[in-house]
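Engineer: Got a structure here, written out as structure tokens. Questions coming.
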Amino acid sequence: MTLRQISVFLENKKGRLAEVVGLIARERINIRALALADTADFGVLRLIVNDTEKCFAVLKQAGFVAQKTEVLAVEVNDRPGGLQRVLGVLDRVGINIEYMYAFVEKKADNAIVIFRVDQPEKAAKELESEGIAVLAEGAINQL
Amino acid sequence: MIWNVHYETLGREVLARLQGERLGELVDRLYRRVPFYRRRLEEREVKPADINRIADIRKLPFLTKDDLREVYPLELLAVDLADIVEVHTSSGTTGKPVVDAYTSKDIGIWAESMARTLAMGDTSRSDVVHNAYGYGLFTGGLGVHYGSRLIGAMVIPISGGNTARQLAILQDFRATVLTCTPSYSLYLAEAAREQGLDFAGLPLRVGLFGAEPWSEGMRREIEAKLHVKALDIYGLTEIIGPGVASECEAQDGLHICEDLFYPEVIDPQTGQVLPDGAKGELVLTTLTKEGTPMLRYRTRDITYLDRAPCRCGRTSVRMHRLLGRTDDMLIIRGVNVFPSQIEEVLLRIEGVEPHYQLIVERQERLDSLEVQVEMNERLFSDEIKKLERTERDIAEALFAALGIQTRVKLVEPKSIPRSEGKAKRVIDKRQL
Chain A
54 MTLRQISVFL ENKKGRLAEV VGLIARERIN IRALALADTA DFGVLRLIVN
104 DTEKCFAVLK QAGFVAQKTE VLAVEVNDRP GGLQRVLGVL DRVGINIEYM
154 YAFVEKKADN AIVIFRVDQP EKAAKELESE GIAVLAEGAI NQL
Chain B
475 MIWNVHYETL GREVLARLQG ERLGELVDRL YRRVPFYRRR LEEREVKPAD
525 INRIADIRKL PFLTKDDLRE VYPLELLAVD LADIVEVHTS SGTTGKPVVD
575 AYTSKDIGIW AESMARTLAM GDTSRSDVVH NAYGYGLFTG GLGVHYGSRL
625 IGAMVIPISG GNTARQLAIL QDFRATVLTC TPSYSLYLAE AAREQGLDFA
675 GLPLRVGLFG AEPWSEGMRR EIEAKLHVKA LDIYGLTEII GPGVASECEA
725 QDGLHICEDL FYPEVIDPQT GQVLPDGAKG ELVLTTLTKE GTPMLRYRTR
775 DITYLDRAPC RCGRTSVRMH RLLGRTDDML IIRGVNVFPS QIEEVLLRIE
825 GVEPHYQLIV ERQERLDSLE VQVEMNERLF SDEIKKLERT ERDIAEALFA
875 ALGIQTRVKL VEPKSIPRSE GKAKRVIDKR QL
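Just so you know, the sequences run in chain order A and B.
If you're matching positions, the first sequence starts at 54 in the numbering used here and goes up one per residue.
If you're matching positions, the second sequence starts at 475 in the numbering used here and goes up one per residue.
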């Protein structure tokens, strides 16, 4: 069970991030999770939003280079050792993590960790079989 | 199709004799009528009687762009002003413009050379020529126009700019031949794609592209995106405008109309004439022009000549597509490099499109070159390390091919300015 993330190429220029976020806000698209990875020259903005297709279309229309990627949203107990358990499972079954980022759930005592891994379907299955909750695309909008 | 079978397939010896005769007449005329040329010849102690064969051209002095600025606007005129029917000038972006003043016969020579050029793309009276070169003082628009008229093709004088209208007219009048700068053709293709217009559905079959140096990689890109055969054409205001040389369907060098424009290639440092095949600065002499004839004009364009027979049947000498200009040659830590060579390497890399810009800077007396390449769907990855690898791969390819160290920077799409005329490839920030 995977969900889609949008990645956007951005140059490291003053105000660029604000422009993208503003563009999305004007379309009344809600950003559920966000992470920015960057180098000296450029960055890749990763977004999980409530309406992936619309957001993707808006970005393309505005001339951005963007891509949709399958990621995992994993519910982790928001207490010491919670993340380690998830990583342990992935390690044991030989899944490589390209990158990850986390945010804290508002309504429950959980953190959500977004994983980009090399075999998302397999990773989801293994985690679920260990009783770890992997969220579907719709579910993340309910949080 | 060969437009002028007689002149374009002359035997080499007959041609050399014709060139020699024409040169003799030209020098005689200039000596008598143009004080500037007379002074130059006298300085070298050359008399018209010394010029009997084409090889005697080496006795004559060169003419440079700086010379032309000195004689601006009409000091080089070799006929009465009343005999001039049209004037064109260069843009003058690097100083005073250079002037070409045409007599009625000169316009005829221009039309003839452009008819030959258009015929290399098989243009006939049943073709529709969409001419997106600028009309005005710039020679591109009217040069194509006169050539098309001579052939009897239907010319659409749309000129440059207003891309949306260009696309509408292209479809409505079912153009078969496109003429514009190579960078503008890609701009048209990009605009068409945004409108959902596919060039494959248009009857366009050939494009004649010139007025700026471009590469084989860019040719492949244009041919794929516009679904045309892309031919390189060459010319310059000083000599006549477009029409000096053009590729035939073999796409293997540009045939120079050498019964009209005599080419030499020289070492730009020493002025020594170089043998065929050796790279150097192209020098041209207008053998038949009346208004403002050019004697051994140094074009600053870098190329080499090839006199081997071409499979198209023309016997005229071919010049290699421009390798660059003596004045846009970059010297990066002692290595000479032309923007066109960098383009060639870039476009060989999977996913790289011809949207790039070169930034030259000087830090602590060392030149550095930043190569900006636009990001696109094919190059993009959401993993930083893959993007960094792309930058590294490009830099390594440039180093392997050209021996220069560059800093490659991926930039956002459309962040490099698009041009409707000549593309600006180099930004030189050096304080020289």
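All C-beta atoms, glycine included, are put in the ideal place defined by N, C-alpha and C.
Predicted, not measured: the structure shown is a model, and the values here were computed from it.
Specify whether the region 101 to 119 of chain A and the region 54 to 65 of chain A touch according to this definition: at least 3 beta carbon pairs, one from each stretch, less than 8 Å apart.
Structural biologist: yes
Engineer: Have a look at Pro828(B) and Val142(A) and give me their C-alpha separation to the nearest angstrom.
Structural biologist: 46 Å
Engineer: What residues from chain B crowd round Arg99(A), counting only those whose CB sits closer than 7 Å?
Structural biologist: Asp856
Engineer: Measure the alpha-carbon distance for Ile878(B) versus Gly798(B) and round it to whole angstroms.
Structural biologist: 17 Å
Engineer: Could you tell me the alpha carbon to alpha carbon distance between Ile525(B) and Ile713(B), rounded to whole angstroms?
Structural biologist: 21 Å
Engineer: At 9 Å on the CB atoms, spell out the chain B contacts of Gln120(A), in chain order.
Structural biologist: Glu851, Phe854, Ser855 and Asp856
Engineer: Interface residues of chain B around Asp171(A) at Cβ under 9 Å?
Structural biologist: None at all; the shortest Cβ gap to chain B is about 11 Å.
Engineer: Give the single residue among Glu690(B), Lys903(B), Val791(B) and Ser587(B) whose Cα lies nearest to the Cα of Trp477(B).
Structural biologist: Ser587(B)
Engineer: Step through the CB atoms of chain A and report whether any lies within less than 7 Å of the CB of Leu489(B).
Structural biologist: Chain A contact via Cβ: absent.
Engineer: Can you find the residues in the same chain that come closer than 6 Å, C-beta to C-beta, to Leu87(A), ignoring five residues on each side of it along the sequence?
Structural biologist: The answer, listed in chain order, is Leu100.
Engineer: Could you tell me whether any Cβ in chain A is nearer than 7 Å to the Cβ of Leu641(B)?
Structural biologist: Leu641(B) does not count as touching chain A.
Engineer: What would DSSP say about Ser60(A), mapped onto helix, strand or coil?
Structural biologist: strand
Engineer: Gln114(A): buried (16+ other C-beta within 10 angstroms of its C-beta) or exposed?
Structural biologist: Under this definition Gln114(A) is an exposed residue.
Engineer: Would you mind giving the Cβ-Cβ distance between Val129(A) and Val166(A), rounded to the nearest angstrom? I have them listed as a contact below 8 Å.
Structural biologist: 5 Å
Engineer: Can you pull the DSSP bridge partners for Gln837(B)?
Structural biologist: Leu840(B)
Engineer: Taking the straight line between their C-alpha atoms, what separation do you get for Val187(A) and Ala177(A)?
Structural biologist: In a straight line, the C-alpha of Val187(A) is about 6 Å away from that of Ala177(A).
Engineer: Can you have a look at Lys763(B) and say buried or exposed, based on whether 16 or more other CB atoms are within 10 angstroms of its CB?
Structural biologist: buried
Engineer: So if I threshold CB-CB distances at 9 Å, which residues from the region 103 to 119 of chain A count as touching chain B?
Structural biologist: Gly116, Phe117, Val118 and Ala119
Engineer: Just to check my reading of the structure: Glu818(B) and Ser689(B) have Cβ atoms closer than 8 Å, yes? What is that Cβ distance to the nearest angstrom?
Structural biologist: 4 Å
Engineer: At a Cβ threshold of 7 Å, is Glu80(A) touching chain B?
Structural biologist: no
Engineer: Do Pro677(B) and Thr637(B) have their C-beta atoms closer together than 7 Å?
Structural biologist: It is not a contact, given that the beta carbons lie outside the stated cut-off.
Engineer: Run through the DSSP bridge pairs and tell me what Tyr708(B) is partnered with.
Structural biologist: Ala719(B)
Engineer: Can you say whether Pro173(A) is buried or exposed, counting buried as having 16 or more other CB atoms within 10 angstroms of its CB?
Structural biologist: Result: buried.
Engineer: For a test of the three-state rule: what should DSSP assign to Ile776(B), helix, strand or coil?
Structural biologist: strand
Engineer: Excluding the 5 residues flanking Val618(B) on each side, which residues of the same chain have their C-beta closer than 8 Å to its C-beta?
Structural biologist: Met588, Leu592, Val603, Asn605, Tyr607, Val629, Thr653, Leu682 and Pro716
Engineer: With burial defined as no fewer than 16 other Cβ atoms inside 10 Å of the residue's Cβ, what is the status of Pro749(B): buried or exposed?
Structural biologist: exposed
Engineer: Using CA coordinates, which residue listed in Ala698(B), Val882(B), Ser659(B) and Ala663(B) is at the minimum distance from Glu909(B)?
Structural biologist: Only positions 475 to 906 of chain B appear in this structure, which leaves residue 909(B) out of reach.
Engineer: Could you tell me the distance, in whole angstroms, from the CA atom of Asp867(B) to the CA atom of Leu840(B)?
Structural biologist: Spanning the alpha carbons of Asp867(B) and Leu840(B) requires a straight line of approximately 23 Å.
Engineer: Report the rounded CA-to-CA distance for Asp726(B) versus Tyr481(B), giving the unit in angstroms.
Structural biologist: 20 Å
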